[in-house]
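Worksheet: the structure to be examined is printed underneath.
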Amino acid sequence: MELTGLALQRPALPINEVQRLKALRALNLLDTPPEERFDRFTRIAKRLFNVPTVLVSLIDENRQWFKSCIGLELTESPRDTSFCGHTILGDHSLIVPDAIRDERFFDNPLVVAPPFIRFYAGHPLQLPNGLKLGTFCLIDNKTRGFSVRDIAALKDLAACIEREIVIFQLATVDDLTGIINRRGFIRFAQERLNLCRRKKLHAALVFIDLNKFKSINDGFGHAEGDRVLIAFANLLQISLRESDIFARLGGDEFAVLLTDATVENAKSAMSNLQNSLRTQALLRKYSVTFSYGAVPINAENPSSLETLLAESDRVMYHHKKRLSALL
């Protein structure tokens, strides 16, 4: 089969790419430390299929990032050259017995240079709503066959990983707003604080409470109150940096962790958020405002997150009390 003269075939974007990326980010799995609950499946697959490389790969805008990896020194690689980018375009396993003889991959940098991929088998990892997050894949630098029974086993292991992701999502994502909940915030924020300590970065924590939210529920009904919470969570997603971690702690309380930022930076971010809340005319029947408390975090010796949340809550309460006195 003559393949010369063809150009590298970059994977197309799924038609639901915007929703897919939003769901992926909401999980807060990207750039997190290795976890045994995923690593056990890469170890099982390595033994079961006798391949040198096994990956749990998550695909964002420009890269595939490896949540679990055996056999590669890399933690990520470009999406444009990824086999997995092709895999998430379908619902079934993608099997490439010999990449050098496949018109999609024969001139791929991962094929003609290290790691010299010859064999690839990947199955898409998806949420119950069908959105593809990435793949569970096997890689070898030798060509090989892959039977129907092998495909079934790969699919079964991928389904186990999907269940882990769903369990994780249920435990850490707020059902109403789609952003992380208190449990997720404690987990992800602590990981980020550990990074700040290692890199000696400034950080700030903000506790947010919506003003007079009870009157909205009482006057317009709980469905309207839910709409306010969803709209405010969406505004947080739009207004804050991708590196910021934010959550609905419960009720009308939210929290934001800003890394590589001072308290002054946090106050500026809250001022911008308040301006956005006003200018977007979020609701026509009433205005929505919030009070907040921002506290600095000592990167070299940070307090526990629960202590920081309690401290920022106290600062917020004093701010709300002053605001009430003025109205």
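In the numbering used here, the protein residues as written are 817 to 1143.
For every residue, glycine included, the Cβ atom is placed at its ideal position computed from N, Cα and C.
This structure is a prediction, so every number in the text was calculated from the model and none was measured.
If you check the CB distance, L970 and S909 come in under 9 Å. When the beta-carbon positions are compared, V1072 and V1111 stay at least 9 Å from each other. Counting C-beta pairs closer than 8 Å gives three or more between the region 954-963 and the region 855-871, which meets the contact rule.
Beta-bridge annotation (DSSP): F1106 is paired with L1026. Residue pairing of P830 in beta bridges, as defined by DSSP: absent, with no partner found. Of the candidates N844, L843, K883, K883 places its Cα closest to the Cα of D855. Between the C-alpha atoms of A1039 and V927 there is a straight-line separation of about 54 Å.
According to DSSP, T1075 shares a beta bridge with A1019.
At a cut-off of 3 residues, the continuous stretches assigned as beta strand (DSSP E) that sit fully inside the region 926-999 are 935-942, 948-956. In the DSSP annotation of this structure, the continuous segment of the alpha helix (DSSP H) that includes Q1053 starts and ends at 1038-1055. Distance from A839 to L943 at the Cβ level is roughly 6 Å; contact confirmed, criterion being Cβ atoms closer than 8 Å. L941 is not a Cβ neighbour of L992, given a cutoff of 9 Å. Distance from the Cα of K1015 is smallest, within the candidate group Q985, T1075, D1060, D990, for T1075. The Cβ neighbour count for D972, taken over all protein chains shown within 10 Å, is under 16; the residue is labelled exposed.
Of all C-beta pairs linking the region 990-1007 to the region 830-847, three or more are shorter than 8 Å, placing the two stretches in contact. By the Cβ rule, the region 891-902 does not count as touching the region 976-992, because fewer than three pairs are nearer than 8 Å. Rounded to the nearest whole angstrom, the C-alpha separation of L1051 and K862 is 44 Å. Around the CB of I1002, 16 or more other CB atoms lie within 10 Å, so the residue is classed as buried.
The alpha-carbon of L947 is positioned some 37 Å away from that of I1113. Scanning its chain for C-beta atoms nearer than 8 Å, with the 5 sequence neighbours on each side dropped, one finds around Q1090 the residues T1105, F1106, in chain order. Between I1061 and F984, the CB-CB gap reaches or exceeds 9 Å.
For L888, the three-state secondary structure derived from DSSP is coil. In the three-state scheme derived from DSSP, where H, G and I count as helix and E and B as strand, T848 is classed as coil.
Distances from the alpha-carbon of L1124 to those of S1087, R1138, G1109, K1136 put G1109 closest.
In the structure shown, I1113 adopts extended strand secondary structure according to DSSP, grouped into three states. Spatial neighbours of T903 in its own chain (CB-CB distance under 6 Å, excluding positions within 5 residues in sequence) are listed in chain order as L910, G938, P940, T951. Comparing alpha carbon positions, the residue from K1083, D966, L1093 closest to V1131 is K1083. In this structure L829 is not in contact with W881, their Cβ atoms being roughly 17 Å apart against a cut-off of 8 Å. In this structure, the straight-line span from the alpha carbon of H1134 to that of H1018 is close to 24 Å. Look at G906 here: in three-state DSSP terms it is coil, with no helix or strand label. Boundaries of the beta strand (DSSP E) around A1063: 1061-1066. Per DSSP, T869 is one residue of the beta strand (DSSP E) stretching across 869-875. Cβ-Cβ distances below 8 Å link K1136 to D1025, N1027, S1107 in the same chain, with the five nearest sequence neighbours on each side left out; the list follows chain order.
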